[in-house]
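Some notes on the structure that comes next.
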Amino acid sequence: MRFTLNIDHIATIRNARGETQPDPVTAALVAEQAGVDGIVVHLREDRRHINERDVRLLRELITTKLDLEMAATDEIIKIACDVGPELATIVPEKRQELTTEGGVNVIDNINLFKNSIKTLHDAEIEVSLFIEPDIDQIDAASEINSDYIEIHTGVFANALSEEEQFDELERIRIAAKHAKKLGLGVNAGHGLNYQNIKVFREVPDIDEVSIGHAIIARAVFVGIKDAVKEMMGLIKG
Ligand code: PXP
Numbered sequence: 024m025r026f027t028l029n030i031d032h033i034a035t036i037r038n039a040r041g042e043t044q045p046d047p048v049t050a051a052l053v054a055e056q057a058g059v060d061g062i063v064v065h066l067r068e069d070r071r072h073i074n075e076r077d078v079r080l081l082r083e084l085i086t087t088k089l090d091l092e093m094a095a096t097d098e099i100i101k102i103a104c105d106v107g108p109e110l111a112t113i114v115p116e117k118r119q120e121l122t123t124e125g126g127v128n129v130i131d132n133i134n135l136f137k138n139s140i141k142t143l144h145d146a147e148i149e150v151s152l153f154i155e156p157d158i159d160q161i162d163a164a165s166e167i168n169s170d171y172i173e174i175h176t177g178v179f180a181n182a183l184s185e186e187e188q189f190d191e192l193e194r195i196r197i198a199a200k201h202a203k204k205l206g207l208g209v210n211a212g213h214g215l216n217y218q219n220i221k222v223f224r225e226v227p228d229i230d231e232v233s234i235g236h237a238i239i240a241r242a243v244f245v246g247i248k249d250a251v252k253e254m255m256g257l258i259k260g
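Numbering (the numbering used here), first residue to last: 24 to 260.
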């Protein structure tokens with residue numbers, strides 16, 4: 024299973040002072056040296072953390088892969104086509120939310136996503152849709168030529184009992200298997216941490232996990248390099 028690091032929260036700390044430190048681009052380079060398989064950033068409409076300068080510099084400097092999380096809006100699609108990340112992950116976006124809440128509803132917005140995927144494909148960018156572990160949503164993602172899905176693991180991460188967590192992991196397992204059968208790549212993320220990640224080693228159909236908050240929080244105490252290495256040990260064994 025591959026492991027990509029979301030560095031949005033480094034930019035959140037930088038922006039708290041409106042200055043230049045800590046620099047998310049430097050953090051990405053350190054994380055690459057520690058062994059991550061890719062760097063993830065979410066360029067939000069309100070630019071609350073990552074900005075265009077970060078995305079363009081990352082594009083120039085990183086040597087793994089760039090996964091640009093984005094809403095399917097004209098402005099951000101245009102930037103994505105110009106920058107050329109290896110992967111564009113389409114997520115829902117609300118101004119008031121603290122973090123991405125839930126997956127996108129592909130079925131209800133089929134034409135919007137179909138057109139967005141086509142535009143991104145024309146720019147030779149692969150596309151992933153961030154969705155709940157729901158078979159109908161996966162079928163819709165496949166119908167409109169998405170290359171990947173990213174399964175939202177928030178319900179699993181926030182489960183209040185072991186039983187609830189087990190049930191949600193089963194849903195994720197079934198969803199991942201179904202997506203794989205349709206030929207989709209399968210990523211997963213949201214709320215994954217040093218405690219709950221281990222069970223994902225037993226979900227063979229997940230190709231990649233995308234983790235942000237837990238690692239940046241740990242990095243405050245041990246540094247990015249060790250925080251990444253500890254997570255890699257849990258993911259890759
Ligand atoms: N994947 C997607 C699509 C996300 O929106 C986020 C949150 O930015 C993550 C993964 C990472 O979530 P977390 O920060 O909880 O690890």
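Using N, Cα and C, we set each Cβ at its ideal position, and we do this for glycine too.
Exercise. Report yes or no: is there a C-beta of chain C within less than 7 angstroms of the C-beta of residue 157?
Key: The structure shown contains no chain C, having only a single protein chain.
Practice problem: Would you check if there are 3 or more beta carbon pairs closer than 8 angstroms linking the segment 123–138 to the segment 164–179? | Solution: yes
Quiz item: Would DSSP call residue 177 helix, strand or coil?
Solution: helix
Practice problem: Could you pull out every residue in the same chain whose Cβ sits closer than 8 angstroms to the Cβ of residue 43, ignoring the five residues on either side in sequence? | Solution: 37
Quiz item: Taking only runs of the beta strand (DSSP E) that begin and end inside the segment 118–162, which ones reach a length of at least 3 residues, in chain order?
Solution: 149–154
Practice problem: Using three-state DSSP, classify residue 208 as helix, strand or coil. | Solution: strand
Exercise. With a 10 Å radius around its C-beta and 16 neighbouring C-beta atoms as the bar for buried, classify residue 251 as buried or exposed.
Key: buried
Quiz item: Can you give the beta carbon distance from residue 85 to residue 47, rounded, assuming they're within the 8 angstroms contact cut?
Solution: 11 angstroms between Cβ atoms; not a contact.
Quiz item: Would residue 124 pass as a contact of residue 153 if the rule is Cβ separation under 7 angstroms?
Solution: no
Exercise. Under 8 angstroms by Cβ, that's how I've got residue 255 and residue 234 pegged, so tell me the actual separation to the nearest angstrom.
Key: The Cβ separation is near 11 angstroms, so there is no contact.
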